[in-house]
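Visitor: Residue numbers (my numbering), protein chains in the order written: chain C, 264 to 739; chain V, 264 to 739.
Backbone N, C-alpha and C define an ideal beta-carbon position, used for all residues, glycine too.
My questions will all concern the structure given below.
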Ligand SMILES: Cc1ncc(COP(=O)(O)O)c(C=O)c1O
Ligand SMILES: Cc1ncc(COP(=O)(O)O)c(C=O)c1O
């Protein structure tokens, strides 16, 4: 029987996937046939199950094999490039300029897609019971749908831009106008539009380390050169680092997430904000402020964004309903000089012809009718409660192994693993025991850290989840 | 007073926009000040109003000036690059790889954005009275919203993919599975994803001439090389042209719109379909079949797509609710091998994290509950009626000047201008008289043609619109 060659330089998972590919090509595994389970194949070949998982993942990504819930992994009916008359799709799958997601992120996603009940501290989103489902249901029944169903203004539904102008002014001290707002599919699309349309391949940008941005292949897909701004645990970003990076690389833009930063949970102080605005204004570098979390502040008193202090018009400000209401709305906003908004609106016409008016109408009614206000009240106390439960459990069970600072808002707890523990290795042990999180490496250079989202697991699963994590730690 | 230099090689509109820019820079026109109306400035400078319109358009596109409904054109508050500490946004506006829209399209859009009541044969979309607004309103009140509000499967909302599998099978003989469908923001996003993620800069593709694709800067933005497949009025595309193009340029993909083609209204015969499938399969070239119109067939008997004959799995099939229900849904679908769908789903995560579940839920309920069926019945007869009214009026008033073939579905009438009339010049005369259409040049090399959309104007405005067009023609 075939075995992987451990002396070869080729990674083992790749040897495995190529061998399976060969078997498919010569019809040893014909279209529709069932492949051995991951566990079984791992035993046969004498490798880790995760290696087989990776090999299958690889084959799945090219469409060679498919996983069907309940009936295992099968060879796809359309074998790529096998019949003479079928175009060789594989040639096309390698085309374009889109980088795939990080392997760890793909790994986590594939675990979460499985049916087995894993306790999820990995997803940076609200648990279903925190979504305003009942409020949306009511809204749909009570308010009469009134928007025009035609192609709309590419900047977004005007009534939504109007309520956002008030919301931003009242809650966050951000003063803007309806013509300076672009509605996007969450913060994600705002970031994408900026990366694709305002920056050019080869441009240098700075991002925080650690930061959510590291998990985004989007910046690499746009051909940008990424440079790190270390976030010091105590005093945050050092403005001198900005100056030094700019001297060396001519920064074209800086991406920051100043309030309840993902993953650290840090809030930038007003002093710090002023210093950073000053330095970057002097250098003429625009800042992209990604602010999905500020309105989750547990005490109902959100930190004010950089944008509220932006007298030079240098900040592109991004917000979203995803983390304060529901990610399924796919409603985000970019506040920027009109010229920028209008350029991006024009470009997005080519991508998707603008956003559906239906969720835009729902979002505008949701905000206008006071339902967002009620959601925020409910959310702030629920998140506080869940965060507290998580921190208390960690102190009780894992105080020797994990240390952290309690956040005052946001969805995430950033934990330092004491000693020499490897967060990526620990992940495998954790998954085996039915609990999952995101290792710090996904967010940049930090290796001995993990991010636990307290928003995602049901409250009742926080303790059992940490119990499983504790077992995983003990096993190392 | 300053006047444009008619002996200069620089276009007059550009001289004007540069002069205004200078005046803004030196604060002759300070931020917020009102510029002279287009008509007034045109008189002062002794140029056509359309030249001033173009100059203002230019300035607007850089954000230097803004048009505010009811209060004319003003200098923007944020003067680009004017204050020392404001980043020079202009440098950023030229970044990225997005080509602007064609000037004629921008011109038409800007006319349509104006308040003045112009009769619109230009927009390829339904008039508001043809949208199923009442049905959507009812649906929202009667069906209880039940989808999960979290991040969803990037391929799209499963119940929607399921109803589409039946719809495509029942109506169009297209057999597929839910895992081979990707839900996108209209057809547009499917086209965008294909251009960006399956093709690479420099790749050669073939598009029909004339075709909607010519109006899309999207393909150029993706760095593709476009080649024309002439659509002969009688026998459509010549398969030999495909072979010849492929020999010369190695075609990577062919984009076709076989049913009620935009703009010609042509339907490809089954024979023709088979020949084209055969030739392209032999050459191994995939076809993208853009099919937004087939279900509008006036007799309720839609032409069957290429995809229904696609035994080799070589056709990427695209559909959309835009033209058969409402463009504001922004719901489209791509049917493709699973490997392709899964690659594109992965890439679109980076762009927008998937589509809002709300319009996807509305669309799935709309189809499931039989409302789409009723919409199609209503639409088919309404469109037939409007098409008929347009053709009858043209025959009555303009039979000497315009000839056409009556379409059997779709939204557009493709008209040949007899004699030497210039469709672009005629456009200016038409706009002056309050009627607008799209000149053939927008769709490719055809110059003596115009596209009249009968779907867009209210029925009662079709005759007065053609009356105005007739006046414009007489004036030339
Ligand atoms: C800091 C940050 N920005 C942006 C996003 C994207 O969210 P969305 O596109 O749903 O608004 C996330 C999601 O995790 C995030 O954590
Ligand atoms: C042939 C064709 N394809 C695609 C589209 C894009 O439509 P949507 O993205 O709204 O589905 C249009 C719109 O005019 C069209 O005419």
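1. Could you tell me which chain C residues have their CB closer than 9 Å to the CB of residue 538 of chain V, listed as they occur along the chain?
2. So what's residue 469 of chain C in DSSP terms, helix, strand or just coil?
3. Does any residue of chain V have a CB that is nearer than 7 Å to the CB of residue 342 of chain C?
4. For residue 731 of chain V, which residues of its own chain have a beta-carbon under 6 Å away from its beta-carbon, when the five flanking residues on both sides are left out?
5. Counting only Cβ pairs nearer than 9 Å, list the residues of chain C close to residue 592 of chain V.
6. If we cut at 7 Å on Cβ distances, does residue 568 of chain C have a partner in chain V?
7. Could you please give me the residues that DSSP links to residue 552 of chain C through a beta bridge?
8. Taking Cβ-Cβ distances shorter than 8 Å, what residues in chain C pair up with residue 615 of chain V?
9. Pull out every residue of the segment 393-408 of chain V whose Cβ sits closer than 7 Å to any Cβ of chain D, in chain order.
10. At 3 residues or longer, what runs of the beta strand (DSSP E) sit wholly inside the segment 672-707 of chain C?
11. Since residue 494 of chain C is in the beta strand (DSSP E), which residue starts that stretch and which ends it?
12. Under the criterion of a Cβ to heavy atom distance below 6 Å, does residue 553 of chain C qualify as lining ligand 1?
13. Closest to residue 366 of chain V by C-alpha separation, out of V:455, V:702, V:729 and V:614, would be which residue?
14. Can a CB atom of chain V be found closer than 7 Å to the CB of residue 388 of chain C?
15. Is DSSP giving residue 714 of chain C helix, strand or coil here?
16. Sorry if obvious, but does the Cβ on residue 590 of chain C come closer than 6 Å to a heavy atom of ligand 1?
17. Contact defined as beta carbons within less than 8 Å: I believe residue 457 of chain C pairs with residue 491 of chain C. What is the distance between those atoms, to the nearest angstrom?
18. Report buried or exposed for residue 544 of chain C, applying the criterion of at least 16 other Cβ atoms within 10 angstroms of its Cβ.
19. Kindly list, in the order they appear in chain C, the residues whose Cβ is closer than 8 Å to that of residue 329 of chain V.
20. Measure from the C-beta of residue 481 of chain C to each C-beta in chain V and report whether the shortest distance is under 7 Å.
21. Beta-carbon within less than 6 Å of residue 583 of chain C's beta-carbon, same chain only, minus the 5 sequence neighbours each way: which residues are those?
22. What is the DSSP secondary structure of residue 659 of chain V, counted as helix, strand or coil?
23. Quick one: what does DSSP say residue 346 of chain V is sitting in, helix, strand or coil?
24. Counting beta carbon pairs with one atom in the segment 523-531 of chain V and one in the segment 675-684 of chain V, are three or more of them shorter than 8 Å?
25. Is it buried or exposed, residue 376 of chain V, if we count other Cβ atoms within 10 angstroms and call 16 or more buried?
26. Closer than 6 Å: is that where the CB of residue 583 of chain V sits relative to any heavy atom of ligand 2?
27. Tell me, please, whether the segment 417-428 of chain V touches the segment 611-623 of chain V by the rule of three or more beta-carbon pairs shorter than 8 Å.
28. Looking at the structure shown, is residue 595 of chain V part of a helix, part of a strand, or coil, going by DSSP?
29. Going along chain V in order, which residues have a C-beta closer than 9 Å to the C-beta of residue 383 of chain C?
30. List the DSSP bridge partners of residue 500 of chain C.
31. What is the DSSP secondary structure of residue 667 of chain V, counted as helix, strand or coil?
32. Residue 574 of chain V: buried (16+ other C-beta within 10 angstroms of its C-beta) or exposed?
33. How is the beta strand (DSSP E) around residue 331 of chain V delimited, first residue to last?
34. Please list, in chain order, the chain V residues whose beta carbon lies closer than 8 Å to that of residue 713 of chain C.
35. Measuring alpha carbon to alpha carbon, tell me which residue in C:638, C:368, C:657 and C:316 is nearest residue 397 of chain C.
36. Using 7 Å as the limit for Cβ to Cβ distance, is residue 706 of chain V near chain C?
Guide: Judging by the given coordinates:
1. As a first step, residue 538 of chain V must be located in the second chain, where it is residue number 275. Under the 9 Å cutoff, chain C gives no residues; its nearest Cβ is about 14 Å from residue 538 of chain V.
2. Here residue 469 of chain C refers to the residue found at position 206 when the first chain is read from its first residue. Residue 469 of chain C falls in the strand class under three-state DSSP.
3. Here residue 342 of chain C refers to the residue found at position 79 when the first chain is read from its first residue. For residue 342 of chain C, the pLDDT reaches just 48, beneath the cut-off of 50, and the residue's location in the model is therefore unreliable, leaving the point undetermined.
4. Translated into positions along the second chain, residue 731 of chain V becomes position 468. The residues are 696, 697 and 698.
5. The residue you call residue 592 of chain V lines up with position 329 of the second chain. Result: 412, 619, 620 and 621.
6. Residue numbering aside, residue 568 of chain C sits at position 305 when the first chain is read from its first letter. Chain V, which has no Cβ nearer than 7 Å to the Cβ of residue 568 of chain C, makes this no.
7. Counting from 1 along the first chain, the entry for residue 552 of chain C is found at position 289. The partner list for residue 552 of chain C (beta bridge, DSSP) reads C:519 and C:580.
8. Here the question's residue 615 of chain V lines up with position 352 in the second chain. Ordered by position in chain C, the residues that pass the 8 Å Cβ test against residue 615 of chain V are 447, 448, 449, 451, 452, 455, 593 and 615.
9. In the structure shown, chain D cannot be found, because the protein chains are C and V.
10. For the segment 672-707 of chain C, whole beta strand (DSSP E) runs of length 3 or above, ordered along the chain, are 675-680.
11. Here residue 494 of chain C refers to the residue found at position 231 of the first chain. Counting along the chain, the beta strand (DSSP E) containing residue 494 of chain C begins and ends at 488-495.
12. Position 290 of the first chain, counted from the start, is the residue given in the question as residue 553 of chain C. Because some heavy atom of ligand 1 lies under 6 Å away, the Cβ of residue 553 of chain C counts as near it: yes.
13. Reading the second chain from its first residue, position 103 is the one you call residue 366 of chain V. Minimum Cα distance to residue 366 of chain V is reached at V:702.
14. Here the question's residue 388 of chain C lines up with position 125 in the first chain. Interface residue, yes.
15. Walking along the first chain from the start, residue 714 of chain C turns up at place 451. Looking at residue 714 of chain C - three-state DSSP - the assignment turns out to be strand.
16. Locating residue 590 of chain C in the first chain gives position 327, where the first residue counts as 1. Yes, ligand 1 has a heavy atom inside 6 Å of this Cβ.
17. Mapped onto the first chain, residue 457 of chain C falls at position 194. Mapped onto the first chain, residue 491 of chain C falls at position 228. About 19 Å separates the two Cβ atoms, so there is no contact after all.
18. Reading the first chain from its first residue, position 281 is the one you call residue 544 of chain C. The residue is buried, with at least 16 neighbouring Cβ atoms inside 10 Å.
19. Position 66 of the second chain, counted from the first residue, corresponds to residue 329 of chain V. Within chain C, the residues near residue 329 of chain V are 442 and 601.
20. The residue you call residue 481 of chain C lines up with position 218 of the first chain. Closer than 7 Å: yes.
21. Residue numbering aside, residue 583 of chain C sits at position 320 when the first chain is read from its first letter. Around residue 583 of chain C: 449, 450, 555 and 595.
22. Taking the first residue of the second chain as 1, we reach residue 659 of chain V at position 396. Three-state DSSP puts residue 659 of chain V in a helix.
23. For the purposes of this step, residue 346 of chain V is identified with residue 83 of the second chain, where counting begins at 1. Bear in mind that a pLDDT of 42 at residue 346 of chain V, under 50, signals an unreliable position, so the model cannot answer this.
24. yes
25. Mapped onto the second chain, residue 376 of chain V falls at position 113. Exposed, by the Cβ-count rule.
26. The residue given as residue 583 of chain V occupies position 320 in the second chain. Yes, the Cβ of residue 583 of chain V comes within 6 Å of a heavy atom of ligand 2.
27. yes
28. The residue given as residue 595 of chain V occupies position 332 in the second chain. Strand at residue 595 of chain V.
29. As a position in the first chain, residue 383 of chain C is number 120, starting the count at 1. Residues of chain V passing the Cβ test: none, with the nearest at roughly 11 Å.
30. Reading the first chain from its first residue, position 237 is the one you call residue 500 of chain C. Answer is C:494.
31. Position 404 of the second chain, counted from the first residue, corresponds to residue 667 of chain V. Residue 667 of chain V carries a strand assignment under DSSP once its states are collapsed to helix, strand and coil.
32. Counted from its first residue, the second chain places residue 574 of chain V at position 311. It is exposed - the Cβ of residue 574 of chain V has fewer than 16 other Cβ atoms within 10 Å.
33. Taking the first residue of the second chain as 1, we reach residue 331 of chain V at position 68. Segment 328-331, the beta strand (DSSP E) holding residue 331 of chain V.
34. For the purposes of this step, residue 713 of chain C is identified with residue 450 of the first chain, where counting begins at 1. By Cβ distance, chain V contributes nothing, its closest Cβ being about 21 Å from residue 713 of chain C, past 8 Å.
35. The count along the first chain starts at 1 and reaches residue 397 of chain C at position 134. Nearest to residue 397 of chain C by C-alpha distance, out of C:638, C:368, C:657 and C:316, is C:638.
36. As a position in the second chain, residue 706 of chain V is number 443, starting the count at 1. Judged by the 7 Å Cβ criterion, residue 706 of chain V is not in contact with chain C.
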